[in-house]
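2 protein chains.
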Amino acid sequence: MEFKMKEGGFTTDLEYGELHISGNEEYGFRPYQLLVSSVAVCSGGVLRKVLERMRMEFTDIKVNTEIERNEKEANRVEKIHMHFTIKGDLKEEKVKKALEVTRRNCSMVQSVKDSIEITESFEIKA
Amino acid sequence: MEFKMKEGGFTTDLEYGELHISGNEEYGFRPYQLLVSSVAVCSGGVLRKVLERMRMEFTDIKVNTEIERNEKEANRVEKIHMHFTIKGDLKEEKVKKALEVTRRNCSMVQSVKDSIEITESFEIKA
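Line by line, the protein sequences are chains R and C.
Numbering of the first sequence is given in this note's numbering, commencing with residue 1 and proceeding in unit increments.
Numbering of the second sequence is given in this note's numbering, commencing with residue 1001 and proceeding in unit increments.
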């Protein structure tokens, strides 16, 4: 990947389109937002596939994240909590199992889990 | 942050705009692309500030990345190499020093460095 400097930030050309990134949200998506997005959507996408494979019926998945940063260590991201809201007629135990499988198979969680504490919770909505 | 499921992926509303993320590049930016972007642009942006603070004259910064993934471990990102191309009348030793300061101050590098091997190289272009 190649990142080019532009006013206030950087840009990169990807298959989906041009991505603008900047520490200033007027010029692009902020780096920590991209980091959190990579972890949350990798997990959401894998969960979606796992639920389908387990033949569980659902109509929607929402992922809400909470982030903790450490000001004393260059403001690094220390913790990402993901809360999944899954719409469907689902059993709690099976969702729990699906989330365990998801965690093991999500490449982004596996990429950062030794540096960033990643935690999950979920709720089922009818 | 809140991520909503859409066809083929997820989306989130941020200050800069709507971000579409998907494992399929037809529907959004891929999670690993966002992870790499967060690390590369955080570094590029911090380097820009460090060079300015050190009163070094430059007109452009480009960051090229190489990524190594591990298929045996859920295809996790194992290594990100960043190559900085800096345009300016600069001394090699001072750029090296600036990159060390950058690494310590880049919150994204500090967030993932215990999980992902992050390496840097650079070249100066007149």
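Note that CB positions come from ideal geometry on N, CA and C, so glycine has one too.
Treat the numbers as computed from the prediction; the structure is a model and nothing was measured.
Near Thr59/R, what residues of its chain come up, given a Cβ to Cβ distance below 8 Å and the 5 sequence neighbours on each side ignored?
Lys87 and Gly88
Rounded to the nearest angstrom, what separates Tyr27/R and Glu93/R at their Cα positions?
44 Å
Compare the Cα-Cα distances from His1081/C to each of Lys1072/C, Ile1124/C, Val1095/C and Ser1037/C and report the closest residue.
Ser1037/C
Scan the stretch 1039 to 1113 of chain C and note each continuous alpha helix (DSSP H) run of 4 residues or more that stays entirely inside, going in chain order.
With a minimum length of 4 residues, the continuous alpha helix (DSSP H) runs that stay inside the stretch 1039 to 1113 of chain C are 1092 to 1105 and 1107 to 1112.
Using the three-state DSSP reduction, which class does Ser1037/C fall into: helix, strand or coil?
Ser1037/C falls in the helix class under three-state DSSP.
For the stretch 1119 to 1126 of chain C and the stretch 1068 to 1084 of chain C, state whether three or more C-beta atom pairs, one from each stretch, are separated by less than 8 Å.
yes
Since Glu1002/C meets chain R, which of its residues come closer than 7 Å, beta carbon to beta carbon?
Lys62 and Asn64
With a cut-off of 9 Å, does the C-beta of Met108/R fall near any C-beta of chain C?
At least one chain C Cβ lies under 9 Å of Met108/R.
Nearest by alpha-carbon distance to Arg48/R: which of Arg1055/C, Ser1022/C and Glu1015/C is it?
Ser1022/C
Measuring only the C-alpha atoms, how far is Asn1103/C from Lys1004/C?
In the sequence on display, residue 1103/C carries Arg and not Asn. Approximately 33 Å, taken between the alpha carbons.
Here's the rule I'm using: 16 or more other beta-carbon atoms within 10 Å means buried, otherwise exposed. How should Gly1017/C be labelled?
exposed
Let me check understanding here. Comparing Cα to Cα, which of Asn1070/C, Leu1099/C and Leu1034/C lies closest to Glu15/R?
Leu1034/C
Who does Gly9/R pair with in a DSSP beta bridge?
Lys6/R
For Val1077/C, go through chain R and note every residue whose CB falls closer than 9 Å to its CB, in chain order.
Ser107, Met108, Gln110, Ser111 and Val112
Please compile the residues from chain C whose C-beta is within a distance smaller than 7 Å of the C-beta of Thr102/R.
The contact set of Thr102/R on chain C, defined by CB atoms closer than 7 Å, is empty, because the minimum CB distance reaches about 10 Å.
Given Ser1107/C, which residues of its chain have a CB within under 7 Å of its CB, disregarding the five upstream and five downstream residues?
Cys1042
Tell me, which residues are paired with Ile21/R by DSSP?
Phe10/R and Phe29/R
DSSP three-state call for Ile116/R: helix, strand or coil?
coil
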